[in-house]
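Structure record follows, encoded as structure tokens.
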Amino acid sequence: MNDLFDPPSLRHSRFTTDPIRVSVIIPLEYHRGMALECIRGWAQRQDYPREKYQILVGAPPSFDRTELHAIRMMLSPGDEIVLLDHAHDMTLIEDTAKHAGAALLLFSESHCVPQPDALSFLTSRICKVPS
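One rule links them: number in my numbering = place in the sequence shown (from 1) + 75.
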């Protein structure tokens with residue numbers, strides 16, 4: 076396994092004693108009506124083991140609270156919605172990333188729906204890179 080996945084300071088999944096390997100960071104700015112489908116793609120449709128990654132959602136103050144509740148219902152206990160008082164996508168990303176529990180951060184736009192093998196493909200490629 077690549078050392079990137081095993082630094083001693085990683086938080087552990089709430090489901091196992093294994094470390095969380097990937098933190099997926101999703102700001103909810105510029106979602107173009109695709110936020111729910113985006114989160115569903117990460118939370119429910121990945122072929123990568125769910126206990127190995129967390130989803131961190133950065134929510135600006137203007138984001139619809141009904142949609143935010145629907146997103147919260149899709150998330151697992153190790154995931155988090157970070158409510159922020161600003162709306163710029165770069166600051167949403169920066170402040171949300173501070174909550175990450177993994178050494179590997181994946182940033183996704185909230186208007187993009189991931190392929191089901193996105194995380195397994197990414198992690199398999201990273202493991203092939205010498206540390």
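All residues carry an ideal CB built from backbone N, CA and C; glycine is no exception.
DSSP state of residue i mapped onto helix, strand, coil
i                 : result
phenylalanine 182 : strand
glutamate 104     : coil
glycine 116       : helix
alanine 177       : coil
serine 199        : helix
isoleucine 130    : strand
leucine 150       : coil
leucine 159       : coil
Among the options, the one whose alpha carbon lies nearest that of residue i
i             : options                           : result
arginine 140  : Phe196, Ile156, Thr166 and Glu184 : Ile156
glutamine 119 : Met149, Cys202 and Lys203         : Met149
tyrosine 123  : Ile201, Gly108 and Phe196         : Phe196
arginine 147  : Asp164, Trp117 and Asp170         : Trp117
Residue i and residue j closer than 8 Å at C-beta
i             : j             : result
glutamate 112 : valine 188    : yes
serine 137    : alanine 162   : yes
glycine 44    : isoleucine 95 : Residue 44 is absent from the structure shown; the chain starts at 76 and stops at 206.
leucine 180   : alanine 172   : yes
glutamine 121 : alanine 177   : no
leucine 131   : histidine 174 : yes
Residue environment, residue i, which counts as buried when at least 16 other CB atoms sit within 10 Å
i            : result
tyrosine 105 : exposed
leucine 158  : exposed
valine 99    : buried
serine 185   : buried
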